[in-house]
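Protein chains in written order, with UniProt numbering: chain Y, 1 to 303; chain B, 1 to 303; chain W, 1 to 303; chain P, 1 to 303; chain U, 1 to 303; chain G, 1 to 303.
No residue lacks a Cβ here, since even glycine has one placed at the ideal position from N, Cα and C.
Protein chains: 6
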Amino acid sequence: MFRHTDYMQFDVKPEKPDPVYARKLQELLGGAFGEMTVTMQYLMQGWNCRMKGKYKDLIMDVATEEMGHVEMIATMIARLLEGAPATDATQNALGDPVVAAVMGGMDPQQAIVSGGAPTLSDSQGQSWNGKYVVASGNLLADFYANVAAEAQGRVQTARLWHMTDDPGVKAMLKFNLARDTYHQNMWLAAIEELQADGLEGVVAPNDLLDEEYQEHASELWHLSDGPDADKGRWAFGTGPDGSHAMRFRTDTTPLGDLQHGPPPDPKLYVTYDGSWGEPRTPAFGTEKGVVGKIKDVFDPDKT
Amino acid sequence: MFRHTDYMQFDVKPEKPDPVYARKLQELLGGAFGEMTVTMQYLMQGWNCRMKGKYKDLIMDVATEEMGHVEMIATMIARLLEGAPATDATQNALGDPVVAAVMGGMDPQQAIVSGGAPTLSDSQGQSWNGKYVVASGNLLADFYANVAAEAQGRVQTARLWHMTDDPGVKAMLKFNLARDTYHQNMWLAAIEELQADGLEGVVAPNDLLDEEYQEHASELWHLSDGPDADKGRWAFGTGPDGSHAMRFRTDTTPLGDLQHGPPPDPKLYVTYDGSWGEPRTPAFGTEKGVVGKIKDVFDPDKT
Amino acid sequence: MFRHTDYMQFDVKPEKPDPVYARKLQELLGGAFGEMTVTMQYLMQGWNCRMKGKYKDLIMDVATEEMGHVEMIATMIARLLEGAPATDATQNALGDPVVAAVMGGMDPQQAIVSGGAPTLSDSQGQSWNGKYVVASGNLLADFYANVAAEAQGRVQTARLWHMTDDPGVKAMLKFNLARDTYHQNMWLAAIEELQADGLEGVVAPNDLLDEEYQEHASELWHLSDGPDADKGRWAFGTGPDGSHAMRFRTDTTPLGDLQHGPPPDPKLYVTYDGSWGEPRTPAFGTEKGVVGKIKDVFDPDKT
Amino acid sequence: MFRHTDYMQFDVKPEKPDPVYARKLQELLGGAFGEMTVTMQYLMQGWNCRMKGKYKDLIMDVATEEMGHVEMIATMIARLLEGAPATDATQNALGDPVVAAVMGGMDPQQAIVSGGAPTLSDSQGQSWNGKYVVASGNLLADFYANVAAEAQGRVQTARLWHMTDDPGVKAMLKFNLARDTYHQNMWLAAIEELQADGLEGVVAPNDLLDEEYQEHASELWHLSDGPDADKGRWAFGTGPDGSHAMRFRTDTTPLGDLQHGPPPDPKLYVTYDGSWGEPRTPAFGTEKGVVGKIKDVFDPDKT
Amino acid sequence: MFRHTDYMQFDVKPEKPDPVYARKLQELLGGAFGEMTVTMQYLMQGWNCRMKGKYKDLIMDVATEEMGHVEMIATMIARLLEGAPATDATQNALGDPVVAAVMGGMDPQQAIVSGGAPTLSDSQGQSWNGKYVVASGNLLADFYANVAAEAQGRVQTARLWHMTDDPGVKAMLKFNLARDTYHQNMWLAAIEELQADGLEGVVAPNDLLDEEYQEHASELWHLSDGPDADKGRWAFGTGPDGSHAMRFRTDTTPLGDLQHGPPPDPKLYVTYDGSWGEPRTPAFGTEKGVVGKIKDVFDPDKT
Amino acid sequence: MFRHTDYMQFDVKPEKPDPVYARKLQELLGGAFGEMTVTMQYLMQGWNCRMKGKYKDLIMDVATEEMGHVEMIATMIARLLEGAPATDATQNALGDPVVAAVMGGMDPQQAIVSGGAPTLSDSQGQSWNGKYVVASGNLLADFYANVAAEAQGRVQTARLWHMTDDPGVKAMLKFNLARDTYHQNMWLAAIEELQADGLEGVVAPNDLLDEEYQEHASELWHLSDGPDADKGRWAFGTGPDGSHAMRFRTDTTPLGDLQHGPPPDPKLYVTYDGSWGEPRTPAFGTEKGVVGKIKDVFDPDKT
């Protein structure tokens, strides 16, 4: 259960409205690596964490913080839209090319749909969606995704840092950048902790390593003609997991069979000349059906 | 430019058709972490790589390989659908509860739309989309995302491994699991190489670390009531980047101002009682307009 | 079945082309509350209405009208695009900053994709989709949604009214605004009629009111720290349904158990330390399986 | 800013796992009218509310509560999935037609993607998206949408009530049903309060009522041939807003001009025989351009 | 403007309910080539047709018919859902494996969301969207798309024909199949008419044929290793447009330059070692800016 | 399996950067008829082709080529973005109205998300998705779709041709236009070849022509009031398939029954007055259930 205070985690005080920048900031609200994504990603991971204790508590702390960042960015966007020339007619706007240019760079839905406030979309107006969320339940795989999300988020924030001169906006971004730095460090530390605790290894998931084909678990296939693909340590030495000897494979003869589909069901009207014969029946392992099974009940030779 | 051979990278030979499993495999084709995603993710990263040499060559090798994995999964799905009871009427199917159950677990679009072949969708029928792709141009941030993608992909493949007994399907998955293992190791090695080459650090991007608020770059805010959030190394000691002293913040008094939106434009019909006053005009720094600028041309005091 | 006349329900005669406004009008065509939405919402409700008579006839009258509004908005957009500077090269356009600004505010797909006509998208280019449609079959719930849709639609139309000076566009909007006014009144009247006819109550659906926990059907939980949440009539007196005594709950101690997931299936590789034990088997109520049931047939003690 | 407790607002204790029902419950989590929608709808409305006081405080209280409902439904789904036969091979499952049927009714992504937990999607696997959120800033229009959302939500919850016999699930639904009842009453009360406070009227927005064409603000157009469309009070008497006289229009002669597009730009290759002539140039009202304006600076008759 | 009659274009009378088939039929309602697509495709094309006369009249006739097909399919789905076991609890359903299997094959949203009626989605629950619509304004390109849509639609309908034994459903499909046959013939005839009228040629658009590189307008590049690609008449003889000599190109040496991105803006933090130098400035052709232009006004040598 | 060379199929050498045009080119990369669509469309068709030989080999040749076109367009976009004013603050940009106008016309995600490179989206920022792909397995239906895709693609390319003056961009477009010309001719030739080979006819699929209602396979229903719909050869003479006599139907009396839904399940809360009676039970043809079937085993009269 959640509780809320009307005071924000950090100040959100632009010096001046800037409706062009308000559109760009939508990326940090509803973009693939905006605050909505990390909020829902961490909440889904936290709720799905199957152990009491430090990992779950960590995730829930950060998830709850991120929800407050959605609030901060949404508020900043609204404040940057103060007095925006949204309701000018085209003809009026064109009287001042600067106003016209501003209008060209604005998000029309912030006016028409939200009345001077953000939508739950990115800077190009595509709405946020649940597929941005990564929460597999495997903490190693998920923490890798969290590092990636915070890294992409900080890269975007750093780019946006250079797109404004407003000291108030920059003050908020100094906070956001710092949190993204901490969160990257934090998830990297959590990965080390998972490994130190013996819960996960380097490769996720930490299983089937004996089942998989060993020879294919260590080679880079050279399928493009760039000449330097074997110059990095992914191509020689021991891999980061400490157990695989990394190699470079230049013989790229395919190992597989000829690509083709099976004979089609004629009732599906796939164009076909019959050259592959008739389709096989799927073998459900239950070919006898109910009647056959009933008979087996009375068969003393069956278990 | 690409070239193609009809032979696949590895054998794709199911022993028997299994239309229920064919639906589940859609996740590895068109899901958020399926083969389409890594193919397009690596292609976009490779094309966007701004340095000649080992990184770009590595990315293009792997991207080209992944395209072949899309081919393998698409072919496996079609072969698993051979002879599927797709065109049975409901009443017929219900004569055999096993067939009926199989039909309930099938993807109807594999029959109706594709004629016994995959669609470019995940196991629930949601189509693949370009937002799954991560390609920022910052190689550190992108390689973190690549590790995450390969980890999620291997977790899903490992889950699917347990959902079939077919030796032919399992043979292909042994190859896929191995490649996912290598690719995780490979991207982790590439991250180390980026750092060894001095191109990137631990935190992405490697800049603005002096601009951001230092005190907020090292603390976990305790905003949920789980008692163990401070028990991991994200809360003490030096962070993975070797420079930040990690801390735990229990005083979670908000540092920011009261959340509220600015006074709205009355023409946008946002409900408002006037208590915040009139909206400010955005200050574009160009208030004089064209006429003012013309006058400046003739003003000897202006540059 | 439908029939169509080439004459439009009302005049669509802009005085002058205005390609910037043409983009904004997309919101009324393909936006979440544009004409496509109400058309398909009313059609799906009308076809799903399970009673002959006045309600179904009303819905179909209005649905058929709205289809004609899609036609009007689509035509207006095309006419506003007449002669738009869509095919100018960037360099040419920049010779006149006004043209350049206009191009910045235009929807490029109206030229590239549609050839000077609308797409089936909103003002930010996101395509219309079927999830905008609300049609549950419960007429009370659906009519509430219809009031909401017409209210949002009229708010957007009123905002767009202030974004043009063109007398011809404004003439059409005077018609649209009026229809939105009537339709709000109309759906509100239809709600009263449903209640007067005894088909529905105030709360949808009009059932399970005795099953639900009475004490939780009347209280506002105070979970945010704004001090005035109890100052409105949602916190005291009798509710609009005439039967619930509205109250304000300041004790927000959680009533529920600790949030945690169950023990995971080890084959799904969810990180887990075993502390919650083994997962339970789902109890399908059919534990005996087919064989057990067969035995029961021969058991005289079973029904 | 938010804070979180690990205890849930209400008990979430299914008596037994039920993976088929776990899929259906996704509708209340990530469906168009699930808990995610009301959470984000109310948060966006609350942050966008432009008045201090009771309305904003109400919205934030309810928004914060709904976030906790997302947590409850997500937890219930995970618990219903305990021990689900997710990793059975098809052939094994088919050995027991009941297990096979259960697998047919399950959501494969709950296993493959989330590891025995929900995804942020609806019961058909379509991911939640930001367009479900309604937040225009006009409180009347938004509160109508809130009544509609709670009504649709309660209808869906009531339907789901009949799809389970589990006493633990039903106990949670008794709570959810009650909250949906209160929330419908609450938003209806808030609408009355808005009107009592003089902030809004019956029709949203409360303006342009004199501008719009009066004669079109009161008539139902009879465009479908159902004979009873004039039998309800939407066709006679005074409308709910107390000012419009409702009427029925049987003469449905179109009032508008002939539908056709303007002459196209030949460079856009729209098929055209020239019969409508050449396209007009858009009149931006800025025809003079920069040079003309400069001349005006030196014209004593200009301001 | 449209008018509607409650009688359907053709009988929609299933002999018996069949909820499993009701889900499959969603493909013809809200799928990529379902009735919604052709309705909106033809309406958008018709409204965008820039010539009075036979083409526009044809398109509007067919568009109006298709709207009635949406009605027919939506009604058929609702009737097939009559008495569906939608509200059974899982445990009850499992008492009869046949009922359980039926429930596994049903669309849960048809019950939970629509109350026993279709949603505006396809057979896998993905909602219909506006990108399915093709309407470029170029009638040749659009009529090709119409042939394709009717062909895909008839293929899907023919597949669905084999998935039911219900004589009433088959009667309706006999009508739909026939209309799809006519519509394919009709659009093919319309293409011939466009060419006979001299409005379009074989290749769309009928222009820039002299600008494009002639040698690349006639060759198949042999980039995959299948040996028979040159065995069809696309590789020799004169092409269908009567003017191009078709050829087969076996020398697939790339003609282009090395793929690489330009030097990046350092403020965007794209990983870069400087090897490509500094980025060029875009040349807008307006480098002088406003001040330079003003000076030109007074320069007698400038135009 | 694929292989890749770093040299592109054709030169991609813009003379100057042009960030406004870079946004428009997104349409050819990630739009509904961009290079991604034809790449994946042809790959899915090729993998699903069920015959060895010329058709499959043709499709794979072209698919492999198109993948290289994705590379070309992605590279062109990145090069057009060189030095784009992406990181200017609004205030700086507005100092030069031309720069401001350019920024209004740019895609902000090309900077914020991709760091000066394309996203996998169209010119309005909507991401590419798998539903754009058409691959039914019926080669006739699919080749019609391929002609349509190449025609739409060439129309868009021709429009974009007029939106730039850059000789380097135009050189690449001359190549793309030529390939689109060849590919239209090529697919049209492939359709003729399919028919000549006796694999398909004119109407897809080439079956059920005797089952469908003959009288409805040849008539245009006149449902809109345009007077010239019968003036084209779709209304008289023999159709393109050589067997249907085309006719015009002016009597548009509906042939079907009254549109209405069946009686609803009361547990689904669809508003209903009981006038249609009780819902029928679906007839699964398996009414006896398991127990009945067991009894049949012992019934000597059953098979």
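- Message: By the three-class DSSP mapping on this structure, what secondary structure does residue 33 of chain Y have?
- Response: coil
- Compute the Euclidean distance between the alpha carbons of residue 65 of chain Y and residue 226 of chain B, then round it to the nearest angstrom. 14 Å
- Task: Mind checking the segment 134-167 of chain B against chain G and listing, in chain order, the residues whose C-beta falls within less than 7 Å of any C-beta there?
- Result: 135, 136, 137 and 138
- Item | Other residues of its chain near residue 234 of chain U: CB distance less than 8 Å, five sequence neighbours each side excluded | 220 and 246
- Query: Are residue 204 of chain P and residue 149 of chain P touching if we call contact CB-CB under 8 Å?
  - Reply: no
- Amino acids of chain Y, ordered along the chain, whose beta-carbon sits closer than 9 Å to that of residue 268 of chain U: 155, 158, 159 and 162
- In this structure, does DSSP put residue 52 of chain W in helix, strand or coil? coil
- Item | Own chain partners of residue 56 of chain Y with C-beta closer than 7 Å, once the 5 adjacent residues on each side are dropped | 46 and 49
- Per-residue DSSP class, three states only, for residue 117 of chain G: coil
- Message: Can you check which of these residues, P:73, P:135, P:26 and P:34, is closest to residue 259 of chain W by C-alpha distance?
- Response: P:73
- Taking only the alpha-carbon atoms, compute the straight-line gap between residue 281 of chain G and residue 229 of chain U and give it to the nearest angstrom. 55 Å
- Query: Helix or strand or just coil, what does DSSP make of residue 39 of chain U?
  - Reply: helix
- Going along the chain, which unbroken runs of the alpha helix (DSSP H) with 4 or more residues stay wholly within the segment 53-116 of chain U? 54-80, 90-94, 97-104 and 108-112
- Message: I'd like to know whether the C-beta of residue 91 of chain W is nearer than 8 Å to at least one C-beta of chain Y.
- Response: no
- Residue environment, residue 167 of chain W, which counts as buried when at least 16 other CB atoms sit within 10 Å: exposed
- Query: Using a C-beta to C-beta distance shorter than 8 Å, which residues of chain G count as neighbours of residue 75 of chain U?
  - Reply: 259, 260 and 261
- Item | Inter-residue Cα distance where the pair is residue 10 of chain P and residue 250 of chain W | 16 Å
- Is the CB-CB distance between residue 113 of chain U and residue 136 of chain W below 8 Å? yes
- With a CB to CB cut of under 6 Å and the five nearest residues on each side skipped, what residues in its chain are close to residue 31 of chain Y? 122
- Message: Could you check whether the Cβ of residue 24 of chain W sits closer than 8 Å to any Cβ belonging to chain Y?
- Response: yes
- Query: Contact check, residue 265 of chain G vs residue 87 of chain U under 8 Å by CB: the rounded distance?
  - Reply: 6 Å
- Return the residues of the segment 99-133 of chain W that lie within a Cβ-Cβ distance of less than 9 Å from chain G, sorted by chain order. 99, 100, 101, 102, 103, 104, 105, 106, 107, 108, 109, 111, 112, 113, 115, 119, 121, 124, 125, 126 and 127
- Message: As an exercise, report each continuous beta strand (DSSP E) stretch of at least 3 residues that is fully enclosed by the segment 224-295 of chain U, in chain order.
- Response: 247-249
- Message: With DSSP as the reference, identify every bridge partner of residue 219 of chain Y, one or two as the case may be.
- Response: Y:247
- Query: Over what stretch of residues does the beta strand (DSSP E) that includes residue 4 of chain W continue unbroken?
  - Reply: 2-4
- Message: My output table needs one value for residue 138 of chain B: the three-state DSSP class, helix, strand or coil.
- Response: coil
- Query: Can you tell which of U:34, U:39 and U:124 has its C-alpha closest to the C-alpha of residue 20 of chain U?
  - Reply: U:124
- Message: Which residues in chain W have a C-beta closer than 7 Å to the C-beta of residue 271 of chain U? List them in chain order.
- Response: Within 7 Å Cβ-Cβ: nothing; residue 271 of chain U doesn't reach chain W, min ~29 Å.
- What residues are listed by DSSP as bridge partners for residue 127 of chain P? P:121
- Item | Inter-residue spacing [alpha-carbon to alpha-carbon] between residue 291 of chain G and residue 93 of chain U | Only weak support exists for where residue 291 of chain G lies, its pLDDT of 48 falling under 50; the coordinates are left without a value.
- Message: I'd like to know whether the C-beta of residue 6 of chain P is nearer than 8 Å to at least one C-beta of chain W.
- Response: yes
- Going by other Cβ atoms of all chains shown within 10 Å of its Cβ, with 16 needed for buried, is residue 253 of chain B buried or exposed? exposed
- Message: Would residue 100 of chain W and residue 165 of chain G qualify as a contact pair, given that the criterion is a beta-carbon distance under 8 Å?
- Response: no
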